[in-house]
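A.B. asks: Structure in structure tokens, see below.
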Amino acid sequence: MEYLYFSFLSLTLGALLTALIRNKIGSGVLAVLFTSISAVLLIDLALDVLFNNKIFEEEVFSLLPLLNASIFIRVDALSALFLLIVAIVSFCVCLFSVKYISSYSQSSLSFYPPILSLFASSVGLVCIKDLLFFILFWEMMTLTSWILVVFEREKKQALKAGLQYFIATHVATAFLILAAVIIYSYSNSFEFSEVYKSLGNILVNNSLLGNFLIFCFFIAFVTKAGVLPFGFWLPNAYPQPPSSASSFFGGVMSKLAVYAILRFFLSVIPLSSTTEAWGFVIAFFGVISIFIGTIAALTQDEAKRLMSFHAIGQVGYMLLGIGVGIYFIHISPFLSVIALTGGIFHAFNNSIYKSLLFLNAGAIFYKTSTTDLNRVSGLIKVMPLTALAAMVGALSIAGVPPFNGFVSKLLIFESSIWSARVNEALFLVKGAFIIFGIISIFISAITLASFLKFINSAFMGKFKEEDIKGGRLSWSMTLPQIILATICVVTGLFPSVPIKFMYDAILVSSKINLPDFNQVFSADIAGIGINYCQSCLSSGAWYPLFIISSTIMLSLIIFSFERYAGAKIREVKTWYGGKEHTPEEVIYTGHSFYQPFKEIVSFKVGGIYFKGFYPSEFPPLKFAFPKWITKIIQPDDWFYYPLANLISKFFDRMSNFYERLNRYYIFWFVLGSLLVGILVFYFYGGKL
Amino acid sequence: MDVLLIQLLVPFFGAIICYLFKSRASGLVASFFALMTFSLTLFNILTSLSFTQKTDYQWDFFSWLNIPFSFGLFTDGLSSLMLILITLIGLFVILYSVGYLSPNNRDHGFYPPYGSYYFLMLLFIGAMIGVVTSKNFLQVFLFWEITTICSWALISYMRDSKGIFSGFKAFIMTHIGGISFLVALGILYVEAKSFDFSSISVLPPTEKFLVFGLLFFAASAKSAQIPLFTWLPNAMVAPTPVSAYLHAAAMVKAGVYLIARIYLSNPELSANCAFIVAVVSILTMLISVILYYIQDDLKSLLAYSTIGHLGYILFGVSLGIFGSITGGIGGIFHIINHGFAKGLLFLCVGAISYATGSKSINELRGISSKFPFLAVCFIVGMFSIVGIPPFSGFWSKFMIFTGAFELKYGPLTFFGILAIFESLLSFCWYIFVGHRVFFGTPSEKVLNAHKDLPFSMRISLVLLLFFTIISPLLGYPFVKVLYGGV
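Chains A and B supply the protein sequences, listed in that same order. Using my numbering, count along the first sequence one by one with no gaps and you end on 712. Using my numbering, count along the second sequence one by one with no gaps and you end on 602.
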């Protein structure tokens, strides 16, 4: 438990110290030092929680008597899982940044302090068990990430994106604050368990209000997660910061919103037949994001923007899994557990490979000063390890077996299709879930297509030497990519261990009795068998070792044939169609991929141009208050000044009046004295 | 003589001394006296048990009033909170003025003698200390009108036609409020035979409402609420440190202080009273936020934001009168949080206009590339004001929101939603302005700006930045005492 405090402290201390150092490399090394301390502590804590199924709980600080809110720490398996992600990715990101940030002209003061605070607030967010402090960490996350989005303060795009990002997420947070204060008026406490109780009461007594509160939570979280249409800001904002920060955004920050959804729907919102309908809503918006996000990604030529769109699409997959899980949690617990496991597992996998891919893009930027896929090619020559890592990342995100993305996607697909077999569910809902499943399977292919484009245009093709700066990548930039790629491969090959963790996370955080792990999954070192109901044994299964071992055997055989035959290897230059043409003629740049497809999905409605179903250009928004309103609320012009004029005119006239009667001055004097005398006499009745 | 009295007299004494100096030395002398006042306040607060102190002085001057009446000084949680705000920001503003009031100022050159400026500033500090340490309404009123005079004189400090007009307008408008204060005092004298803060409670219901209404009118004129709010934007022609201190941090807080004091001393006020305050403050908030969007001058923007936030404080206090302690204390908490943050914002804009000679949102671009420190100050102040956690404004605003919903009373819930909405709108405009003015490529005005700011301005900005960040911690003990905790 102290480990958590120490890691939080070390991150905060790091943020403070790096704010004092102007030397880029120096503060980078310092940041790596503090992040690695916190990462080691966090990983140790998380593994302790995950393997031994522990729960740490402690109240650190209370705001009583002002508000019944306290920093209430609770680290359970779900928190531990996300702590693990934060620890791994934060370390990789920091290590990558040391060299990477020096390629920017901006000062490191606007990079390390905010990113370390961002790590600290993410750590706080996943451990807190109190609504007010949850909001606090949530907004701190927004604040620090905004500083990173506007890192390049001279760039117009960055400013626009930063503005959009902060306003969108802050509006969403306002919903969260609204929900919090409404709930507080019933519960008199911000603690999650109290909120759970009073939310239950509200849902029974006033289901409209109850559902409104859930709506508030939903809006706040999906906006941050980048679920379309609420996450419209995401593709503009994520590419703007330095790639290492983008990597944390895409890998962890949007996943923390998924964490929030999970945490709230499993442990804060009581699940009953009415609230389970929200599962359908979540799945629905998830599928919209999968569809539009991924198709729009296909039309992008800029690597980081492409990945940002995929961040939207991938969050969609998680939400589909979680949505199915929440919807069926009472109807069919087996199915629900599998779907939820798939959702969380996908969040975990995604955070690893999404960070990896953003780091790849960063490496490309470091070497070529651009991430435009039309302008880079053949980079495998200078960064073979990055290319390999990018390949692993791309195959993982596309869900190609045996990488990790496949396992989680499999669980999500199967569970959404399997809902057809659940008799208790409504026919229409079942139909919708099946369609969702089919869409997401189809879109998975598009993911592969768009990453083929990324790999092909960036790493394959003709190597253009003139654009490259310096020699090989330094180890500090390669190592993080290798670490992440290794995790992708290992979790893909041995899914049974992580799946047990995911299952524990669900079991610990939900308040509903769920079937045992062994009933649902039959896990061993080779893979997992999946049971979708009590009676149907191993209705789904995935044993990567069988497949991978046969593949390896096959390759060995082919290899030995080749050696036996003694075939000669000759090295030639890449053949570009005979003679050397100009690049435009022969080179297949990023832009050339999928032209006909792009034309189909690009169209114009009204003044808005859609590219891959995503509005790429808006007509400028103009807004002005009606003239009469601004006039009325400024009462100077129509009330105070005329009034003051009127009064001063009145007194002018009075003085004129007085001057005209100058001749009768003595008469006035006598008359006035008489009047005063009479009055005095009258009031005092002659007693004076 | 006890420390409370010395604390009250030191600034007045200092004011006279300062007037004797003509050059910049006057500013240093004034800083010294401000520092002394602050030290005395700090001493007072640290030595008193739960911030409560009381002394009475029997003077014969008022024996003709025929009621038991005595002058006296006292402090409690609310007064101490105000005292900290007044003396600390007063110190920083005077220190800042030493650099700001110079012929080098691009916005408006200032030439010696500076004596009258520091005279008025210290006089104001003294008057403000008088307002918050007085123990009855009559005594408050005396100091109250001194602050009005200081405000008038300082707004017209430049003696140009605009300044004279604005000073006059501010004087008339706040004095209209002052007259209603006087009428309220008259009614209290006749009906309650006492000027004590708690004397409103003994009045019959109709008079109670009348007196409260009159006092609230006085407070709303001072704190720039509907209907008499239009003087504040005009008052921005004053030198920026004056705007920062009088028209954001301290003088306008006198009005909300009065209402908060009435709330704390009179537990049984009718819901009607609370309702007036709530409606007026919410309307003011909404009007001010609409007017944000048509301002080009950074200072007017801040002025309207001040109006809106005074509305927040009054809304919180009205919730307290309705019966929600959280809301009431949240309003009081907002006094200190807003005071520091708004003071910082004003001084920051002052520094910008000192260096560039412009306060126009349209003319300024990319300040962060030349003055990163000013950008940090402005952004921290901005986030404190709009209530982005973990900055100060969030805590008090959150308490006010909580109070609004806590009572489960239809209109108040509606007002609470309006308040959240206002908060969002103001956030949008602030962040837009922040982006526009501080980021991007520098504009011509910024490129031609002074290279450096005077040391006194930088040091007071740094200190104020620090106190803006820790202001919730600073206010927490006082608020806790007011809440009844130990």
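Even glycine gets a Cβ: it sits at the ideal position worked out from N, Cα and C. Source: prediction; values computed, not measured.
Of all the CB atoms in chain B, is at least one closer than 7 Å to the CB of residue 183/A?
C.D. replies: Taking Cβ atoms only, chain B reaches closer than 7 Å to residue 183/A, which makes this a yes.
A.B. asks: Between the Cα of residue 215/A and those of 261/A, 100/A, 283/A, 92/A, spot the shortest distance and give me the residue it belongs to.
C.D. replies: The candidate whose alpha carbon is nearest that of residue 215/A is 92/A.
A.B. asks: Does the beta carbon of residue 209/A come closer than 7 Å to any beta carbon on chain B?
C.D. replies: Yes, residue 209/A counts as interfacial toward chain B.
A.B. asks: Do residue 85/A and residue 95/A have their C-beta atoms closer together than 7 Å?
C.D. replies: Yes, they are a contact pair.
A.B. asks: Does any heavy atom of the ligand ADP sit closer than 6 Å to the C-beta of residue 417/A?
C.D. replies: Among the components modelled here there is no ligand, and therefore nothing to report on the ligand ADP.
A.B. asks: Can you give me the Cβ contacts of residue 502/B inside the same chain, cut-off strictly under 6 Å, excluding the 5 residues immediately before and after it?
C.D. replies: For residue 502/B, where only same-chain residues beyond five positions count, the Cβ hits under 6 Å are 542, 543, 546.
A.B. asks: Can you tell me whether residue 602/B is helix, strand or coil according to DSSP?
C.D. replies: Its pLDDT being 49, under 50, residue 602/B is placed unreliably by the model, and nothing is read from it.
A.B. asks: Just mark residue 177/A as buried or exposed, buried being the case when its beta carbon has 16 or more other beta carbons within 10 Å.
C.D. replies: Counting Cβ neighbours within 10 Å, residue 177/A comes out buried, since at least 16 surround it.
A.B. asks: Cβ closer than 7 Å: which chain A residues qualify as neighbours of residue 450/B?
C.D. replies: The contacting residues do not exist; residue 450/B stays about 13 Å from chain A at best.
A.B. asks: Check the Cβ of residue 186/A against every Cβ in chain B and list those closer than 9 Å, keeping chain order.
C.D. replies: Near residue 186/A (Cβ distances below 9 Å), the residues of chain B are 547, 551, 555.
A.B. asks: Just to check my reading of the structure: residue 610/B and residue 245/B have Cβ atoms closer than 8 Å, yes? What is that Cβ distance to the nearest angstrom?
C.D. replies: Since the displayed chain B opens at 117 and closes at 602, residue 610/B lies outside it and no answer follows.
A.B. asks: Can you find a C-beta in chain A that's less than 7 Å from the C-beta of residue 512/B?
C.D. replies: So no, residue 512/B is outside the interface.
A.B. asks: Starting from the Cα of residue 120/B, find the closest Cα among 137/B, 140/B, 152/B and give me that residue.
C.D. replies: Of the listed residues, the one whose Cα sits closest to residue 120/B is 152/B.
A.B. asks: Looking at the unbroken alpha helix (DSSP H) that takes in residue 446/A, where does it start and where does it end?
C.D. replies: No alpha helix (DSSP H) holds residue 446/A; DSSP gives it neither H nor E.
A.B. asks: Rounded to whole angstroms, what is the Cα-Cα separation between residue 517/A and residue 549/A?
C.D. replies: In a straight line, the C-alpha of residue 517/A is about 9 Å away from that of residue 549/A.
A.B. asks: Alpha carbon to alpha carbon, how far is residue 203/A from residue 279/A?
C.D. replies: The straight-line gap from Cα to Cα measures roughly 22 Å.
A.B. asks: Below 6 Å CB to CB, which residues in the same chain sit around residue 568/A once its five sequence neighbours on both sides are set aside?
C.D. replies: Same-chain partners within the cutoff: 426, 517, 551.
A.B. asks: If you run the structure through DSSP and keep just helix, strand and coil, what is residue 329/A?
C.D. replies: If DSSP states are grouped into helix, strand and coil, residue 329/A belongs with the helices.
A.B. asks: Do you know offhand how far residue 133/A's Cα is from residue 455/B's?
C.D. replies: One C-alpha to the other measures close to 28 Å.
A.B. asks: For residue 381/B, which residues in the same chain have their Cβ closer than 6 Å to its Cβ, ignoring the five residues on either side in sequence?
C.D. replies: For residue 381/B, where only same-chain residues beyond five positions count, the Cβ hits under 6 Å are 313, 314.
A.B. asks: Could you work out which residues of chain B lie near residue 664/A, taking near to mean beta carbons separated by less than 7 Å?
C.D. replies: Within 7 Å Cβ-Cβ: 346.
A.B. asks: Look at the Cβ atom of residue 369/A, then the Cβ atom of residue 432/A, and state whether they are nearer than 7 Å.
C.D. replies: Cβ distance < 7 Å, so residue 369/A and residue 432/A count as in contact.
A.B. asks: Taking all protein chains shown into account, decide if residue 9/A is buried (16 or more other Cβ within 10 angstroms of its Cβ) or exposed.
C.D. replies: Here chain A comprises residues numbered 25 to 712, so residue 9/A is not present and cannot be evaluated.
A.B. asks: What is the rounded straight-line gap between the Cα of residue 121/A and the Cα of residue 272/A?
C.D. replies: Roughly 11 Å separates the two Cα atoms.
A.B. asks: Closest to residue 127/A by C-alpha separation, out of 489/A, 448/A, 695/A, 387/A, would be which residue?
C.D. replies: Closest option to residue 127/A, Cα to Cα, is 387/A.
A.B. asks: Let me make sure I understand the geometry here. Which of 220/A, 250/A, 131/A, 392/A has the alpha-carbon closest to that of residue 237/A?
C.D. replies: That would be 220/A, whose Cα lies nearest to the Cα of residue 237/A.
A.B. asks: Give me the residue from 578/B, 471/B, 411/B with the minimum Cα distance to residue 654/A.
C.D. replies: The candidate whose alpha carbon is nearest that of residue 654/A is 411/B.
A.B. asks: On the criterion of 16 or more Cβ atoms from any shown chain inside 10 Å, does residue 602/B qualify as buried, or is it exposed?
C.D. replies: Residue placement at residue 602/B is flagged as unreliable, the pLDDT there being 49, under the threshold of 50; a coordinate-derived value is accordingly withheld.
A.B. asks: Identify the contact partners of residue 536/B in chain A, using a Cβ-Cβ distance below 8 Å as the criterion.
C.D. replies: What residue 536/B touches in chain A: 198, 201, 202.
A.B. asks: In the DSSP assignment, what are the bridge partners of residue 99/A?
C.D. replies: Answer is 80/A, bridged to residue 99/A.
A.B. asks: Taking Cβ-Cβ distances shorter than 8 Å, what residues in chain B pair up with residue 263/A?
C.D. replies: Ordered by position in chain B, no residue passes the 8 Å Cβ test against residue 263/A, which lies about 17 Å from the chain.
A.B. asks: Can you check whether the CB of residue 360/A is closer than 7 Å to the CB of residue 349/A?
C.D. replies: Taking 7 Å as the Cβ cut-off, residue 349/A and residue 360/A qualify as a contacting pair.
A.B. asks: Whole angstroms are fine: how far does the CA of residue 214/B sit from the CA of residue 714/A?
C.D. replies: The displayed coordinates of chain A run from 25 to 712. Any statement about residue 714/A would go beyond what the structure contains.
A.B. asks: Are three or more beta carbon pairs between the stretch 33-43 of chain A and the stretch 52-70 of chain A nearer than 8 Å?
C.D. replies: Counting Cβ pairs under 8 Å, three or more are found: they touch.
A.B. asks: Pull up the DSSP beta-bridge partners for residue 565/A, would you.
C.D. replies: The partner list for residue 565/A (beta bridge, DSSP) reads 553/A.
A.B. asks: Give me the Cα-Cα distance between residue 467/A and residue 318/A, rounded to the nearest whole angstrom.
C.D. replies: Approximately 7 Å between the Cα atoms of the pair.
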